[in-house]
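K.L.:
Below are the structure tokens for one structure; questions will follow.
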Amino acid sequence: EPDGISDRTREAIAAGRELARREDEGRRFQSRWEAELATAFTRAELLAWPTLSGPPPRLGEFGVIDSISRTMEVNLAGLPALSQPVPTAGPGPVPAGLQLIGPAGAEERLVATGAVVEAANSQD
């Protein structure tokens, strides 16, 4: 019953069909990305970058999160990561998010590093 689904669901189905047609291209990109990160981990124990590329959205603007989230890159590589709030120098009490990324099996290192970051931030 195509008339019984919402426009949003219809759009999601169409997007899924397009993604299925481009799966081989996506898998090649994923392999290159995984190799790039593996090379980075030969030089660093962990990587750090923002969890969001901009300030967190306000409650009514949650749909914006997909366009500013920086977690998909890590998910694509299948690597462990930890995201935690860190204070900002900007106005207001809104924290930024720090994302720590590790190679496969680095969960303990991520948690230990996160604890160090948290302790350093709580000394303020």
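FYI, my numbering numbers position 68 of the sequence shown as 68, with every residue one higher than the one before it. Glycine included, every Cβ here is placed at the ideal spot set by N, Cα and C.
Measure the alpha-carbon distance for residue 32 versus residue 83 and round it to whole angstroms.
P.N.:
Cα-Cα distance, rounded: 24 Å.
K.L.:
What's the C-alpha gap between residue 5 and residue 98?
P.N.:
38 Å
K.L.:
Can you check which of these residues, 105, 27, 122, 120, is closest to residue 46 by C-alpha distance?
P.N.:
Measuring from the Cα of residue 46, the nearest candidate turns out to be 105.
K.L.:
Do residue 81 and residue 52 come within 8 Å of each other at the CB atom, strictly closer than that value?
P.N.:
no
K.L.:
Anyone know if the C-beta pair for residue 70 and residue 49 falls short of 8 Å?
P.N.:
Cβ distance < 8 Å, so residue 70 and residue 49 count as in contact.
K.L.:
Please name the residue in 13, 30, 116, 20 whose C-alpha comes closest to that of residue 74.
P.N.:
Here the closest residue by C-alpha is 30.
K.L.:
Kindly provide the ranges of any alpha helix (DSSP H) runs that are 4 or more residues long and lie completely inside the region 32 to 76, ordered along the chain.
P.N.:
65 to 68
K.L.:
Hey, how far is the Cα of residue 35 from the Cα of residue 9?
P.N.:
35 Å
K.L.:
Is it buried or exposed, residue 16, if we count other Cβ atoms within 10 angstroms and call 16 or more buried?
P.N.:
exposed
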